[in-house]
Every structure is written in structure tokens, then in C-alpha cells.
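Heads up: the sequence shown begins at 25 in this note's numbering, then just goes up one per residue.
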Amino acid sequence: MGKFKLDEIDHQILDMLIDNTRIPFTDIAKKLVISAGTVHVRVKKMEEAGIIQGSSLTLDYKKLGYSFIAYVGVFLNNTSQTKFVLERISEIPFVTVAHITTGKFNIFCKVRAKNTSHAKDIIFMLDDIEGIYRTETMISLEESINDKKRLMHSIFNEL
């Protein structure tokens with residue numbers, strides 16, 4: 025499929041969905057003075073074009089007892105083990121993000137834990153994965169910015 029062109033209505037629909045993925049199409053339609061069917065068709069086209077890929081749910085991890093965040097840099101014995109190691113890392117549910125990186129680490133992970141003891145157990149799980157020869161951990165004192173919405177709004181303002 026070629027490049028999908030977004031018009032002003034598409035931008036406005038996306039803008040509202042960025043703020044609240046659960047907003048009813050009827051509410052969007054009322055605000056934009058168009059039919060709910062039009063909103064539905066436009067959203068469907070953006071999904072088919074791959075611009076919209078599902079929706080997300082945001083949880084308050086602190087309220088769920090997972091307020092401890094650590095970042096773990098992973099050093100591999102050999103970069104050819106990257107895929108294998110990532111498959112093992114993906115089996116640890118407390119590792120919520122993993123990036124293949126350049127620079128100091130081969131893989132960089134975000135870990136959510138209940139407390140320091142739980143984080144230690146998770147780090148030991150990582151250390152036990154075949155192919156990892158060392159990890160380096162940084163503890164997050166506070167997650168000060170975690171706002172994908174600002175980036176998405178900026179991207180759509182540039183279009």
C-alpha cells in the first residue's frame with residue numbers, strides 16, 4: 025500500500041484518540057460535526073494502512089504494588105546470541121521493555137518490581153540466561169516523564 029495521506033479530519037480524530045483511546049465514535053462525530061459512520065470508516069482506513077495499531081491500556085503500577093523500576097544493561101558473550109537471549113528475556117514478565125543497543129550494552133531492559141528484593145531476583149534471572157556474561161543495573165529514583173501523548177501530538181502537528 026502506498027503512503028496514506030491524512031487530512032485535517034483524520035488529524036482531529038487521531039488527536040482525540042491519542043487523548044482517550046476509549047472515546048466513543050459518536051462523541052468524536054459530535055465534536056467534529058460529522059457522522060459516527062464517517063469516524064468509523066476513517067478509523068478503519070487508518071487501521072488498514074497501519075497508522076493505528078490497536079489501542080493501549082495504561083496502568084498505575086504503584087497502585088498495583090510494582091513501584092520499583094530498574095534499568096538493566098546486558099552484556100552478551102557473543103552478539104550472535106542476541107535472538108536467543110531476547111527470547112529468554114521475553115519469558116520474564118517483569119522485564120517490560122528490551123532494546124538491542126549500540127554502545128556499552130548489547131541489550132538494555134526496563135524492569136518493574138515490587139521492591140529491591142524482588143528486583144534482585146529478576147536480575148538474577150537475567151544473569152542465569154545462557155549467553156549473558158554480565159549485567160549492570162541502574163535504579164530509577166523517580167519516573168519523571170512518561171508521556172507518549174506529547175510526542176504523538178507533536179508528530180501530527182508537523183504533518
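Using N, Cα and C, we set each Cβ at its ideal position, and we do this for glycine too.
Who pairs with residue i in a beta bridge, going by DSSP?
i	result
K134	Y95, V121
I163	A94
L100	I156
Given a cut-off of 8 Å on the beta-carbon distance, is the pair residue i and residue j in contact?
i	j	result
I131	V98	yes
R66	I42	no
S141	A94	no
F180	L38	yes
M70	K55	no
H64	F49	yes
Got a sec? Which residues, its chain only, sit under 8 Å from residue i by beta carbon, not counting five neighbours each side?
i	result
I156	V98, F99, L100, N101, V109, L150
I124	T106, L110, N130, I131
R46	S79
T103	N130
What does a CB cutoff of less than 6 Å around residue i pick up in its chain, not counting 5 residues either side in sequence?
i	result
E160	G97
F92	A137, N139, A143
E166	none
K173	I42
T120	K134, R136
D152	none
Less than 7 Å between C-beta atoms, sequence neighbours within five positions excluded: which residues of the same chain meet that for residue i?
i	result
M25	A caution first: M25 carries a pLDDT of 45, below 50, which makes its placement in the model unreliable, though a value can still be read off. Result list for M25: A73, in chain order.
K14	The first residue shown for the chain is 25 and the last is 183, placing residue 14 beyond what the model contains.
Going by DSSP, what residue range makes up the alpha helix (DSSP H) through residue i?
i	result
Q36	32-43
K173	172-182
K128	Premise fails: K128 is in no alpha helix (DSSP H) and is neither H nor E.
D51	49-56
K107	106-113
F28	Note, F28: premise wrong, no alpha helix (DSSP H); not H, not E.
V150	The residue asked about is misnamed: residue 150 is Leu in this sequence, not Val. It spans 140-151 - the alpha helix (DSSP H) in which L150 sits, taken as one unbroken run.
A60	60-72
Check: Is the region 118-137 touching the region 52-65, taking contact as three or more C-beta pairs under 8 Å?
Finding: no
Note to self: Does the contact criterion of 3 or more C-beta pairs under 8 Å hold for the region 75-84 versus the region 110-117?
What the structure shows: no
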